[in-house]
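Below you'll find the structure, written out as structure tokens, and then a few comments.
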Amino acid sequence: MKPGLCCISLTLKEQGYSFQTMTYKRFSSLPREEALEILGDRILNNLVVTNKTIEFCHENNWVYRVSSDLFPLITYDEANVSLEDLPNHDEIQDEFDNIEQTIKNTNVRVSAHPSEYNSLASLSDKVVEKTITELNFYSSFFDRIGLPADYRSPMNFHIHNNNGTREEITQRFYSNFKKLDENCQKRIVIENDDKLNCWSVKELVDIFHPITNIPITFDYLHHKCHPNGLTECEAINMCYDTWQTKPLFHYSESREGNNPRAHADYAYNPIENYGLEFDCDFEIKAKCHAIKKYQELYPLFGYCLPPTMAAN
DNA sequence: ACCAGTCAAGGAAGC
DNA sequence: GCTTCCTTGACTGGT
């Protein structure tokens, strides 16, 4: 089992590697030529930071979840920008090549978690259309940097819609899912929710999965908030069985205070894997510092038996 | 140099 | 049918 870093390495940030963004408000307030130059510089910066962070994960033997905001405005309709429009398009292509090479050299498992505003089951055609554009774009980015079109590089998100019965929502989701690019479909996985009226592991595995055959991501904290009658052991096993390859699950702990869904700065409790083999993203505020601290607390965490010993 | 406010998204909840 | 809240990190603009 490998721990996973989510998007940002605070260690690299302290060294000056941080992500940049650009709002539409700002973009549209500038002359287009100037706006495109700034946007291109920021996207290139984000790719350099991503490459650096993948190397950082390799040094630590972690998996990596890319930021969901690497390409501000690129799928934003009103801005009407594509990568080809950016004056530094060639440099961006070179950086794609660099990332591809880094992944080839290091074999770091790379995943994505598109934002909660993506909703494939939405009743709004416009929202669905935007979601498809966004998911397809990220999948094409994954293609471009040489990632496999399967669940080794999963793109995880939530159903994030409650309009209708569970079956109706699933059908709506699935008919829109079928409109995604083929490679994108092959990477999509769905995670259990933490809110009581949203999708629990039980509902995802009993209702959603049989119709879609899409793997279910187990999130420890969400399950704790919304167990819907299943123990952690039952739920994680049910999710595990929906994956055709080594799963990528999520771990977090509650921040102190009155909102149990808020994520803590550091993780202190042992992660029970119930004898299952999977990777696990640390959704913990202190990011790489939290993973390192956790690995100091639990030196055997992530320790994998060599194949010869595991076979015995 | 610093800090408070702004931005972007979809959906739920409360008037 | 409005507004507000949720969430996040970086940008923006004023001091």
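According to the numbering used here, the first sequence holds residues 12 to 323 in order. Each residue gets a CB set at the ideal place from its N, CA and C atoms; glycine is no exception.
Review point. Between N56 and Q31, what straight-line distance do the alpha-carbon atoms span, to the nearest angstrom?
Key: Position 45 of the first sequence, counted from the start, is the residue given in the question as residue 56. Position 20 of the first sequence, counted from the start, is the residue given in the question as residue 31. When rounded, the distance between both Cα atoms is 7 Å.
Practice item. Taking only the alpha-carbon atoms, compute the straight-line gap between E288 and R198 and give it to the nearest angstrom. Key: Numbered from 1 along the first sequence, position 277 holds the residue referred to as residue 288. Numbered from 1 along the first sequence, position 187 holds the residue referred to as residue 198. Near 19 Å, if we compare the C-alpha coordinates of R198 and E288.
Exercise for review: Under 7 Å Cβ to Cβ from N109, same chain only, skipping five residues before and after it: list those, please.
Suggested key: Residue mapping note: residue 109 aligns to position 98 of the first sequence, counting from 1. For N109, where only same-chain residues beyond five positions count, the Cβ hits under 7 Å are N62.
Point to revise | Exposed unless 16 or more other CB atoms sit within 10 angstroms - verdict on P165 | key: For this step, residue 165 is matched to residue 154 along the first sequence. It counts as buried.
Check your understanding: Hey, how far is the Cα of D230 from the Cα of F293?
Key -> As a position in the first sequence, residue 230 is number 219, starting the count at 1. As a position in the first sequence, residue 293 is number 282, starting the count at 1. C-alpha separation (whole angstroms): 10 Å.
**Study point:** Close Cβ partners of N147 (< 8 Å) along its chain, the five nearest in sequence each way excluded
**Key:** By one-based count along the first sequence, residue 147 stands at place 136. Once the five neighbours on either side are set aside, the close Cβ partners of N147 are L191, D192 and C195.
Review point. So is I65 buried or exposed if we call it buried at 16+ other beta carbons inside 10 Å?
Key: Here the question's residue 65 lines up with position 54 in the first sequence. Burial call: buried.
Point to revise | Three-way DSSP call (helix, strand, coil) for T113 in this model | key: Sequence index remark: in the first sequence, residue 113 carries index 102 (1-based). Assignment of T113 by DSSP, reduced to helix, strand and coil, places it in the helix class.
Check your understanding: Helix, strand or coil: which one does DSSP assign to N224?
Key -> As a working mapping, residue 224 is identified with position 213 in the first sequence. If DSSP states are grouped into helix, strand and coil, N224 belongs with coil.
Exercise for review: Within the same chain, show all residues whose beta-carbon is closer than 8 Å to that of Q26, passing over the 5 residues directly before and after it, in chain order.
Suggested key: By 1-based counting over the first sequence, the position of residue 26 is 15. Within the same chain, Q26 has no close Cβ partners at all.
Practice item. With distances taken Cα to Cα, identify the nearest neighbour of L84 among L97, V77, W73 and S265. Key: For the purposes of this step, residue 84 is taken as the residue at position 73 of the first sequence. Out of L97, V77, W73 and S265, L97 has the C-alpha closest to the C-alpha of L84.
Exercise for review: Can you tell me which of the three DSSP states P317 falls into?
Suggested key: What you label residue 317 is simply residue 306 of the first sequence in a count that begins at 1. Caution is warranted here: a pLDDT of 40 is assigned to P317, below 50, making its placement in the model unreliable, and the coordinate value is therefore given only provisionally. Shown here, P317 sits in coil according to DSSP, grouped into three states, outside any helix or strand.
Review point. From L23, A297 and N284, pick the residue whose C-alpha is nearest to that of A10; which is it?
Key: Past the boundaries of the shown model lies residue 10; the chain is included only from 12 to 323, so the question cannot be answered.
Exercise for review: Would you grab the beta carbon distance between S122 and L232 for me? Rounded to a whole angstrom, and I think it's under 8 Å.
Suggested key: For the purposes of this step, residue 122 is identified with residue 111 of the first sequence, where counting begins at 1. For the purposes of this step, residue 232 is identified with residue 221 of the first sequence, where counting begins at 1. At roughly 18 Å, the Cβ-Cβ gap does not stay under 8 Å, so S122 and L232 are not in contact.
Practice item. Can you tell me which of W73, V138 and F152 puts its alpha carbon nearest to the alpha carbon of Q104? Key: Mapped onto the first sequence, residue 104 falls at position 93. Checking every option, the nearest Cα to that of Q104 belongs to F152.
Review point. Taking C-alpha atoms, which residue in I227, D101, T142 and R53 lies nearest to Y162?
Key: Within the first sequence, residue 162 is the residue found at index 151, counting from 1. Of the listed residues, the one whose Cα sits closest to Y162 is I227.
Review point. Relative to the C-alpha of N239, which residue among V92, E214, N224 and F67 is closest?
Key: Sequence index remark: in the first sequence, residue 239 carries index 228 (1-based). Nearest option by C-alpha distance: E214.
**Study point:** Coarse secondary structure for C17, derived from DSSP in three states
**Key:** Position 6 of the first sequence, counting from 1, holds the residue named residue 17. It is a strand residue.
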